[in-house]
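> Using our numbering, the letters of the sequence shown correspond one by one to residues 155 to 384. In this text, a Cβ means the ideal position worked out from N, Cα and C, and glycines have one as well.
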Amino acid sequence: SLRLGLIVGFVASVLQLGLGHYHAVQVAFTQPEKLAAIEGVFDTQRNCPALIFGIPDGDAEKIHAAVKIPGLLSLLAFGSLEAEVKGLKDFPKDEWPPLFLTFYPFHLMVVLGVYFILLTAVGILLLWRQKLYHNRIFLKLALWSIPLPFIANELGWISAEVGRQPWVVYRLLKTKDAVSVSVPAGQILFSIIMFVLIYTLLFAAWIYLLRRELQRGPEDGGPAEKEATA
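1. Tell me Ile209's beta-bridge partners as DSSP assigns them.
2. What does a CB cutoff of less than 8 Å around Lys243 pick up in its chain, not counting 5 residues either side in sequence?
3. Beta-carbon within less than 6 Å of Ile209's beta-carbon, same chain only, minus the 5 sequence neighbours each way: which residues are those?
4. What span of residues does the alpha helix (DSSP H) with Trp282 cover, start to end?
5. Just tell me which of Val350, Arg200 and Phe260 has its CA closest to the CA of Leu226.
6. Among all the DSSP beta bridges, which residues are the ones paired with Lys328?
7. Which partner residues of Glu238 appear in the DSSP bridge assignment?
8. Between Thr256 and Ala191, is the Cβ-Cβ spacing less than 8 Å?
9. In whole angstroms, what is the alpha-carbon distance linking His177 and Leu189?
10. Identify which residue in Leu205, Phe232 and Phe270 has its Cα closest to the Cα of Val168.
11. Could you give the distance in angstroms between the alpha-carbon of Ser234 and the alpha-carbon of Cys202?
12. Count the other C-beta atoms from every protein chain shown that fall within 10 angstroms of the C-beta of Arg318, then say buried if there are 16 or more, exposed otherwise.
13. Please report how far the alpha carbon of Ile342 lies from the alpha carbon of Ile352, in whole angstroms.
14. Rounded to a whole number of angstroms, what is the C-alpha to C-alpha distance between Asp331 and Asn289?
15. Rank Ala182, Val221 and Gly163 by C-alpha distance to the C-alpha of Ser228 and give the top, closest one.
16. Could you please give me the residues that DSSP links to Ile223 through a beta bridge?
17. Keeping to the same chain, check which residues put their C-beta closer than 6 Å to that of Ala204; ignore five residues upstream and five downstream.
18. Whole angstroms are fine: how far does the CA of Leu158 sit from the CA of Lys285?
19. Among the residues of its own chain, which have a CB less than 6 Å from the CB of Val322, if the five just before and after it don't count?
20. Find the nearest neighbour of Ser155 within the set Tyr287, Gln180 and Ala166, judged by alpha-carbon distance.
21. Kindly indicate the opening and closing residues of the alpha helix (DSSP H) around Phe183.
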């Protein structure tokens, strides 16, 4: 039900903040260049700020239109305002992760995470005030938000996988050296095509089932209908 979904969604979204922080700390210690790319840190510094908004420029090695909170990245990653956060310039440029696909997906994922907390919190408030099923704007917004958790998940995956480039095994094996010379390109292309087809069919089936259930509507009409007939 929508009621259960809102409660579970709110709790899960809040808990995700803690899980995300735990993973960010792990990245800070084990893959410092990924952290630097995610946060747009070019120069190694103490009291390192966390970036709220900015446009990274890898060629100029700077962040344009930056909005930052002083010291927050050092505090979150290492537990101290005086902790040193390594910048991208501390690493060879050919070992930098692709900046665009590491930086933007991560920050879009964070924006969606905050949106989920706000959306479910508003929904719970409307539920508590017994106005949830009367608020058409919220119901439409909740409906159109259904794909967003999947998008957020993919954005996080993109940032994580692109952010570890150029390594397949960190500091041991680069991606360019891990390409198999014994598997024909045709087989790889066939595998990719099959994956795309399978997931496209699954997505189409999901859209069909979702549309069918929406057209059918709730069995009892929800609390709003019960109140109207009482």
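Reading off the structure:
1. His218
2. Phe196, Asp197, Thr198 and Glu215
3. His218 and Ala219
4. Leu253 to Trp282
5. Arg200
6. Trp321
7. Arg200
8. yes
9. 11 Å
10. Phe270
11. 10 Å
12. buried
13. 15 Å
14. 56 Å
15. Ala182
16. Ala204
17. Ile223, Leu226 and Leu227
18. 16 Å
19. Thr329 and Ala332
20. Tyr287
21. Leu156 to Thr184
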